[in-house]
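Asks: Have a look at this one before I ask anything.
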Amino acid sequence: MKPKTFAAVARAIAAIENDGRLRSILRRAERPDDAFGIGESKSMMEAMREELHLHPGSTLPEECLILIAQRSVSDKAKRTHLGTLLGGSDEKTRRMSGLRFRRLMNARPGEDRLRQTRRALAMLDEVHPVSVVEAYLQLNDPLQARKFAHAYFGSLDFSVEKATNDPSMSDQGATQ
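Residue numbering for the sequence shown follows the numbering used here, beginning at 4 and increasing consecutively.
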């Protein structure tokens with residue numbers, strides 16, 4: 004994640020944690036439009052649109068804001084790839100079933116993917132907000148979605164340090 008986007012996400016996390024009303028509104032939001040124009044969402048949306056070169060009609064920033072307000076998301080959690088938390092190399096120990104994983108991967112961008120990601124987050128005890136945003140950005144990029152799948156199946160040696168230093172793990176897609 005780029006520094007400006009990371010800073011915007013950090014501000015949004017702080018605003019959500021300090022404002023119970025905002026947190027409540029975002030947790031109840033069912034559609035990206037429900038988060039439009041409230042609280043810290045404006046600066047986060049502008050930073051993400053600029054850094055990720057999103058088209059003006061994209062609801063990706065609002066979707067990320069809704070996801071980082073969910074109950075299982077905490078900045079006290081260890082920063083681990085979301086795919087790794089949900090999956091694993093052994094099918095019996097995975098938190099998310101293969102069928103639900105396919106639904107998440109095949110979900111249409113927008114409300115459908117938001118709904119499937121919220122369901123996935125509900126399966127976890129605790130996950131770091133930056134991990135949620137990074138994973139959601141991956142799911143919305145076809146090239147990066149493969150890395151999410153590799154992490155889910157346990158076939159990707161993924162570490163946060165590698166992700167922050169490896170240009171192929173950027174928000175813009177793989178350079179292969």
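Glycine is no exception: its CB is placed at the ideal position from the N, C-alpha and C atoms.
1) Is the number of C-beta pairs between the segment 133 to 143 and the segment 67 to 76 that are closer than 8 Å three or more?
2) Using the beta-carbon count (16 or more within 10 Å), is Asn97 buried or exposed?
3) Would you kindly report the start and end of the unbroken alpha helix (DSSP H) that includes Ser27?
4) Pull up the distance between the alpha-carbon of Asn109 and that of Asn143, whole angstroms please.
5) Which of the three DSSP states is assigned to Asn168 in this structure?
6) Please return the same chain residues whose Cβ sits closer than 6 Å to the Cβ of Arg103, not counting the five positions on each side in sequence.
7) Report the option in Leu29, Ala154, Ser61, Lys7 whose CA atom is closest to the CA atom of Pro112.
Replies: According to the structure shown:
1) yes
2) Residue 97 is actually Arg in this sequence, not Asn. By the neighbour-count rule (16 or more Cβ atoms within 10 Å), Arg97 is buried.
3) 23 to 31
4) 10 Å
5) Per-residue confidence for Asn168 stands at a pLDDT of 48, beneath the threshold of 50, marking its modelled position as unreliable; no derived number is given.
6) none
7) Ser61
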